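Asks: Below you will find the structure I want to go over with you.
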Amino acid sequence: MLRAFDKIQKRYGWTDDYVLSIPYSRLMDLFSLIAREEQQEELNEWKKMAFIGFQTRQLEEGTTFNDYLQAFGLTDTQDDKESSYEMGEVWTKEECEAHVAQIMAHFQEDDEE
């Protein structure tokens, strides 16, 4: 419980008195919210590392980034399927840059949430 209080204080900058004045049900909601946010942040970090692995490893032809994430249990959303990449495609420099920008924007959106 003390660690949860510390996390709330660190995240929101609230004092002990203010945290203790919050209704219990709201406090439990905050604990739950912070736990979910931390899990999502950790998942996003794993996905970033997986992207590096996906780009640098020799994979079976036809393996998509979504397939790669699924192999490690790092996906459970529909968004990942939309950004999958088919091995063997030849892209122009502009297409590659646009793809990287899309991926970076996705991770930045995840960081903001």
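Count along the sequence shown from 1, add 107, and you get the number used in this note's numbering.
Every residue gets a Cβ at the ideal spot worked out from N, C-alpha and C, and that includes glycine.
Since this is a predicted model, take the numbers as computed values, not measurements.
Would you call Ile159 buried or exposed, if buried means 16 or more other Cβ atoms sit within 10 Å of its Cβ?
Replies: Under this definition Ile159 is an exposed residue.
Asks: Between Leu127, Gly169, Val207 and Ile115, which lies nearest to Lys139 when the distance is taken from Cα to Cα?
Replies: A quick correction: the sequence has Ser, not Lys, at residue 139. Nearest C-alpha to Ser139: Ile115.
Asks: Using three-state DSSP, classify Thr163 as helix, strand or coil.
Replies: The answer is helix: DSSP assigns Thr163 an H, G or I state.
Asks: What's the gap between the Cα of Gly169 and the Cα of Tyr175?
Replies: Those two C-alpha atoms are separated by around 11 Å.
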